[in-house]
Ligand code: ATP
Ligand code: MG
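Residue numbers (the working numbering): 4 to 192.
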C-alpha cells in the first residue's frame, strides 16, 4: 500500500506515522528525517540543506525528489511505503505521480491531518524546549506555517479531486487520532 501523509508542521505526522508503519509493516519515508540526517554530516550538501531548513524554507524539489525516488525503487518498498511530509509542493506531487505511473504503482490514499495554526504554534514552541530542533523557534515556525499554507495546502484540493483524500482531526489525543486514521484506511486492520 502506498500512502501519503500530509499535515502542517507540528501536526503530529511523525508520531502517527511511526504507529501506522508498525501496523501496516511498510517503510516510513520521512523527507524531514532524511534531510536532517543529511544535515548531520559535514559537507557542502549538508550546509546547502541547512540553509533552507533552518530558515523555515522548503528544500529544493529536485533534491527531495532524488532522495525519495531512490528509496521508492528499493526492494524495501516493494510492498508499499508511507510518505511523511512529502510531497509538499505541487511540483513534488506532479513528480511523484509521474514516478508512480512509471512504476505502475498508483497511490492508494492520502491522509490529511488537520490542526489549526494556534494549536500548532503552541505545540511547536513546546517541542522547541524539549527536542532542540534548530528550526523550532518563533520566527522559523511562523515561516514554516506560511509556507505550508502557500505551497502545501493546494495539494489537498489536488488529491481530493482524485478521490484519494481522507481528512483527520489532529487535535484529539494521540490514541484517538490513530483510531480515526485506522478507520480511514482502505483495508480492515
Ligand atoms: P511534524 O512536526 O508534523 O513532523 P515538521 O514540518 O515539523 O512536521 P518535517 O516534516 O520533519 O517536520 O520537516 C522539517 C523540514 O524539512 C521542513 O520545514 C522543510 O524545510 C524540510 N522538508 C521536509 N520535507 C520536505 C519536502 N518534501 N520538500 C522540501 N522540504 C522538506
Ligand atoms: Mg516530522
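No residue lacks a Cβ here, since even glycine has one placed at the ideal position from N, Cα and C.
Cα-Cα separation, residue i to residue j
{"i": "residue 160", "j": "residue 10", "result": "14 angstroms"}
{"i": "residue 225", "j": "residue 174", "result": "With the chain covering 4 to 192 only, the question about residue 225 has no answer from this structure."}
{"i": "residue 117", "j": "residue 70", "result": "27 angstroms"}
{"i": "residue 5", "j": "residue 109", "result": "7 angstroms"}
{"i": "residue 29", "j": "residue 80", "result": "7 angstroms"}
{"i": "residue 35", "j": "residue 183", "result": "24 angstroms"}
{"i": "residue 186", "j": "residue 103", "result": "25 angstroms"}
{"i": "residue 2", "j": "residue 115", "result": "A question about residue 2 goes unanswered here, because the residues of the chain that appear run from 4 up to 192."}
{"i": "residue 135", "j": "residue 129", "result": "10 angstroms"}
{"i": "residue 176", "j": "residue 48", "result": "38 angstroms"}
{"i": "residue 97", "j": "residue 133", "result": "36 angstroms"}
{"i": "residue 26", "j": "residue 87", "result": "15 angstroms"}
{"i": "residue 146", "j": "residue 37", "result": "21 angstroms"}
{"i": "residue 51", "j": "residue 191", "result": "43 angstroms"}
DSSP three-state assignment for residue i, whether helix, strand or coil
{"i": "residue 7", "result": "strand"}
{"i": "residue 32", "result": "strand"}
{"i": "residue 46", "result": "coil"}
{"i": "residue 53", "result": "helix"}
{"i": "residue 38", "result": "helix"}
Check whether residue i and residue j have beta carbons under 9 angstroms apart
{"i": "residue 112", "j": "residue 149", "result": "no"}
{"i": "residue 7", "j": "residue 162", "result": "yes"}
{"i": "residue 91", "j": "residue 154", "result": "yes"}
{"i": "residue 141", "j": "residue 57", "result": "no"}
Endpoints, beta strand (DSSP E) assigned at residue i
{"i": "residue 164", "result": "First-last for residue 164: 157-164, but that is the alpha helix (DSSP H), not the beta strand (DSSP E)."}
{"i": "residue 168", "result": "168-172"}
Opening and closing residue of the alpha helix (DSSP H) in which residue i lies
{"i": "residue 27", "result": "16-27"}
{"i": "residue 66", "result": "64-75"}
{"i": "residue 180", "result": "177-187"}
{"i": "residue 142", "result": "141-150"}
Worksheet item: Which ranges does the beta strand (DSSP E) cover as unbroken runs of at least 3 residues, wholly within the stretch 78-135, from first to last along the chain?
Response: 84-87 and 112-117
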